[in-house]
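Protein chains: 2
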Amino acid sequence: MALFLSTYLNKVDRKGRVSVPASFRAALAGQAFHGVVAFPAVGVPSIDCFGIDRMERLSASIDDIDLFSDRQRNLSATIFADSHQLAFDGEGRILLPEALVKHTQIADQALFAGAGPSFQIWHPDAFRRYQQDARGKAQGLSVKLRPAESGS
Amino acid sequence: MALFLSTYLNKVDRKGRVSVPASFRAALAGQAFHGVVAFPAVGVPSIDCFGIDRMERLSASIDDIDLFSDRQRNLSATIFADSHQLAFDGEGRILLPEALVKHTQIADQALFAGAGPSFQIWHPDAFRRYQQDARGKAQGLSVKLRPAESGS
DNA sequence: GTGTTTCCCATTGACGCCCATAATTACCCA
DNA sequence: TGGGTAATTATGGGCGTCAATGGGAAACAC
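Heads up: the protein sequence lines correspond to chains A and B, in order.
The first sequence maps to residues 1 to 152 in the working numbering.
The second sequence maps to residues 153 to 304 in the working numbering.
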């Protein structure tokens, strides 16, 4: 399972290319598609990204549960339809599609934020504002660690 | 399960490198990532550290519960985005990122404090102050031992 | 053709890897 | 028990490699 940690601030060049952080690329190594799956996050001005593997599992999960339901239709409409497969070039860069640039207001800098099994791309300022807010809300939220597997 | 005990005071060289105490490195041996996961502790000027295994479990815990929820987003923004994977060099040293140095005010010395399943890195003076305070509050608190598992 | 995208190469600065040294600890053996 | 030796640790520094970035030219689409 891929794990994305830390935040990186990278430049967007005049062709619209951005380097995906090397550690993120490493976490995606060995997947069927050499790049990322990206779609506009619902409710916040950021881009959600992960490997093609996770998208396939997501697709399968939705497929299992409720075929032809409203929920299925909604998810399909909001996620699958707006998703983009962004391939890495030789240097590990991706090209941000027009729609995603518009959604995030990204201009000359892109902030990559690790989010565990996925990562996000933000306008630097928007992320800082969001993080401030999130820090407050996360106070008092607790997470129970699931029991350790055998070993460790 | 890794167990970190005792405290150590090590030098930060001019490149920003610090040796992680050998006993801590030994406790992390055999994990998937040869290094530590580190993030700024909330509320106190220290760095929380543990192995990648623990972070993977944390990621899985959150992943299970709620996909695309606000809760998931808030936690991600505060935990995963602020954490760093710090790899050991050949001599068992790590490089402290700018953000963590700023959070702790660490300059030329770093204090490593064992904390059971995790450990912390402090500015030596800040740790002494914190310890003074904690000793007072610990009066009257008690801990129940959990029954031993088979073996050990 | 014109505009876009993909591939390739150059640059630079940070980081990883290697070696050297010193000090401490662990170990062995008389 | 004492001394000596070997091994490990903490530390310093040099250098090669790789990541991030910029730009040109070829391939492609409309």
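Glycine included, C-beta positions come from ideal geometry on N, C-alpha and C.
The segment 95-115 of chain A in contact with the segment 9-21 of chain A per 3-pair CB rule at 8 Å: yes
Closest Cα partner of B/R181 within the set B/A193, B/A154 and B/N162: Your numbering for residue 181 of chain B matches position 29 in the second sequence. Here residue 181 of chain B turns out to be Ala, not Arg, going by the sequence shown. Measuring from the Cα of B/A181, the nearest candidate turns out to be B/A154.
Exposure label - B/S304; buried when at least 16 CB within 10 Å: Within the second sequence, numbered from 1, the residue matching residue 304 of chain B stands at position 152. Caution is warranted here: a pLDDT of 43 is assigned to B/S304, below 50, making its placement in the model unreliable, and no coordinate value can be reported.
B/S254 in three-state terms, based on DSSP: Residue 254 of chain B sits at position 102 when you count from the first residue of the second sequence. Here the sequence assigns Lys to residue 254 of chain B, which means Ser is not the residue at that position. Helix, per DSSP.
Contacts of B/H255 in chain A (Cβ-Cβ under 8 Å): In the second sequence, the residue the question calls residue 255 of chain B occupies position 103. Those do not exist, as B/H255 stays about 13 Å from chain A at its closest Cβ, beyond 8 Å.
Buried or exposed (CB count within 10 angstroms, at least 16 for buried), B/S198: Numbered from its first residue, the second sequence carries residue 198 of chain B at position 46. Flag for B/S198 reads buried.
Cut-off 6 Å between Cβ atoms - residues of its own chain near A/A110, not counting five sequence neighbours on either side: In the first sequence, counting from the first residue as 1, residue 110 of chain A sits at position 110. Cβ neighbours of A/A110 beyond the five flanking positions: N10, V12, V18 and I121.
Top-ranked residue by Cα proximity to A/G90, from A/A22, A/Q105 and A/I52: As a first step, residue 90 of chain A must be located in the first sequence, where it is residue number 90. Of the listed residues, the one whose Cα sits closest to A/G90 is A/A22.
Distance between beta carbons of B/A233 and A/A115, contact taken as under 8 Å: One-based indexing of the first sequence puts residue 115 of chain A at position 115. One-based indexing of the second sequence puts residue 233 of chain B at position 81. Correct: roughly 7 Å between the Cβ atoms.
Min CB distance B/D241 to chain A below 9 Å: As a position in the second sequence, residue 241 of chain B is number 89, starting the count at 1. So, not an interface residue.
Neighbourhood of B/S228 by C-beta distance below 8 Å, restricted to the same chain and skipping five residues each side: Residue mapping note: residue 228 of chain B aligns to position 76 of the second sequence, counting from 1. These residues qualify, in order along the chain: I214.
C-beta neighbour in chain B for A/R135, strict 9 Å: Within the first sequence, the letter at position 135 stands for residue 135 of chain A. So, interface residue.
Cβ-Cβ distance between B/P269 and B/F176 below 9 Å: As a first step, residue 269 of chain B must be located in the second sequence, where it is residue number 117. As a first step, residue 176 of chain B must be located in the second sequence, where it is residue number 24. In this structure, B/F176 does not lie closer than 9 Å to B/P269 by Cβ.
CB contact check: B/L247 to chain A, cutoff 9 Å: The sequence position of residue 247 of chain B within the second sequence is 95, counting from 1. No, B/L247 lies away from the interface with chain A (no Cβ there is under 9 Å from its Cβ).
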